[in-house]
Amino acid sequence: MSIPTTPINSPYKKTSTLVSVPAYVNASPSRLQSLYSDFSRKKQSDPASYQANIEWWRKSLENYVYDGHQRSHRLVLQAEKTLVDNYRIERVGKPIGLGAVVAELVTPPSPSSLPVLFPVATFLSLPNSIYSSKSKPSYLAAVPKFVLSYVVAKPLWWALEQVGVVGEDSLASSISSVFSSSSTSKSDTTWYGDYVFLDLLERAGENVLEKQAVKATTASDALYTFEGFRQEFSDCFGSTDGATNSMMSELDMKVLLEYLERDKEAIVVDAGIVKFLGTVGLMERDSEITAVDRGILELKTAVEGLHTQVDGIHKRIEQRTSEASEALRQKRKGLAMSYLRSRKQLEDLLTKRLGALDNLEGTLIRVEAAAGDVEILKSYSTSTTTLRAILSHPSLQRDSIEKTMEAMAEATADAKEIDQAMRIGGDVALGVDDVVDDTEIEAELAGLIRDAEQHAKGQQEEKELKDLRTRMEELNAPSNMETSQPRPESTREAVAAQ
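Residue numbers (UniProt numbering): 1 to 498.
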């Protein structure tokens, strides 16, 4: 018997020479045998293997939704026959333990944690934030009944079998078989339904808020219709590989809006209008949708509609021009004239639409400016009220200020007295008899200065006397030389006499 081959364009890939699996399945053939079996009993007999299988299925189902293999929702898992069929693998079959997987993922791992999956109906009906402790009882009360079969009843019957309380020959065997075979039965559809992947929802919510924070500059940027919201934020979801339609589904939008409004408190939704809260510049947005918001959104929608019309008219004009050229090329003058007349009419319509667009855009800018001025004046008023409230505090009254300053001066003087007393006490403790008077120190310093000056003056006088003696000696030196050497005339006279 020949083994069927997988087409090149198939969403399946080969993991071995014998088994072809979908792209969102990543496991060896031997591993698939365990994953596709009814492993719910392993929760008690082999908890490590059970948790490993549950974690594998969590990642696989999350990738299945994230990558758009459902063709519609990218936040909500549609647990139904189509899901089971899409996971069918040749030579392995269909997964028969998906009911137990869904039941496990719907159940919170601990009282303080959140489940991986939320039933859509339960998620949308919770009155409080899913992160609030008040939501825990409401969620547990709304857990689908089939969860009890997988999470409570089956492990209980397994434990009873182990201790021999129940068994094949017992009267309770018929009851036990209901639970033990519920997940393997092909007719079991109690776990079918729509479930929100919390992790995907949180990621999508963060992406939406980040994108909105970048573009929010005016009042109209914070307002959307449902259709405008879907068009603007459809690219904030995960991968679109394999998805034929990247537009956000209505169910995804409903879940996302509920999450952003109730759990993140980032938006307000009312009568088909979505308003992002927060601030624009220094202005705080109202936490409700006002008549001004509705008017601004209507203008914004009209401007967007006119932009769409203008783009469409431009395309039609280009089409008429191309058709007229083609008609002339075929020497069909009458048809070409018809196309040109149609183009002329479209050009006139374009002129009117552009005029209307200019008027509406100008009006929208003025309305946004006026709304901004109102918010600024509200900020001024709030600041003034706050400042007056602070200044009216009793501690800032003149009498109170004077009393406070006087008390501070007295406290400072007391501190100086205490410091001086502590210094005197310290001197006494160190054996110092008396405190040295500053006048005595100054007199002693003056005496030292006088001594230094007299010493310097004496040295100066001695130096001057020495210099004087040196100059006197220099002046007396030529006289001595004249008396010791005879004059030339006397010498000649003595020689002649001889």
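Even for Gly, the Cβ is constructed at its ideal location relative to N, Cα and C.
In the structure shown, the three-state DSSP call for tyrosine 339 is helix. For tyrosine 131, the three-state secondary structure derived from DSSP is coil. By the criterion of a C-beta distance shorter than 7 Å, proline 108 is surrounded in its chain by Leu114, Pro115, once the five residues flanking it on both sides are discounted. With fewer than three CB-CB distances shorter than 8 Å, the stretch 295 to 313 does not count as touching the stretch 328 to 341. The C-beta of alanine 371 has 16 or more other C-beta atoms within 10 Å across all chains shown, which makes the residue buried. Per DSSP, glutamine 319 is not a residue of any beta strand (DSSP E); the alpha helix (DSSP H) it occupies stretches across 291 to 329. A straight line joining the alpha-carbon of arginine 203 with that of aspartate 67 spans about 14 Å. When the beta-carbon positions are compared, tyrosine 64 and valine 120 stay at least 8 Å from each other. The Cβ atoms of tryptophan 191 and glycine 278 do not sit closer than 8 Å to each other. Beta-bridge annotation (DSSP): glycine 93 is paired with Ile89.
The stretch 366 to 386 makes no contact with the stretch 339 to 354; the number of CB pairs closer than 8 Å stays below 3. Ranked by Cα distance from glutamine 78, the first of Val268, Asp438, Leu61, Ala452 is Leu61. The beta carbons of valine 76 and leucine 251 sit closer together than 8 Å.
Using a 10 angstroms sphere on the CB of lysine 457, the tally of other CB atoms stays under 16, which defines it as exposed. The beta carbon of leucine 350 sits closer than 6 Å to those of Ile313, all from its chain and outside the five residues before and after it, given in chain order. C-alpha of lysine 333 to C-alpha of glycine 205: approximately 58 Å in a straight line. Boundaries of the beta strand (DSSP E) harbouring glycine 193: 193 to 197, taken from the DSSP string.
For aspartate 270, the enclosing beta strand (DSSP E) covers residues 267 to 270. In the structure shown, proline 29 adopts helical secondary structure according to DSSP, grouped into three states. Of the residues assessed, arginine 74 falls on the buried side of the cut-off, its CB having 16 or more other CB atoms within 10 angstroms. The criterion of a C-beta distance shorter than 8 Å is not satisfied by leucine 354 and leucine 299.
If you draw a straight line from the Cα of glutamate 304 to the Cα of glutamine 231, it comes to about 12 Å. Taking the CA atoms as reference points, leucine 257 sits about 10 Å from leucine 124. Shortest Cα-Cα distance from valine 374 to any of Leu201, Ala219, Pro111 involves Ala219. Secondary structure note for leucine 105: its alpha helix (DSSP H) is the uninterrupted segment 98 to 106. Taking the Cα positions, glutamine 420 is about 11 Å away from alanine 413. With respect to the 8 Å criterion, isoleucine 96 and serine 37 are classified as neighbours on the basis of their beta carbons. Going by C-alpha positions, leucine 198 is about 39 Å away from leucine 306.
Distances from the alpha-carbon of arginine 88 to those of Ala213, His393, Gln33, Gln51 put Gln33 closest. Bounds of the beta strand (DSSP E) holding lysine 275 are 273 to 276.
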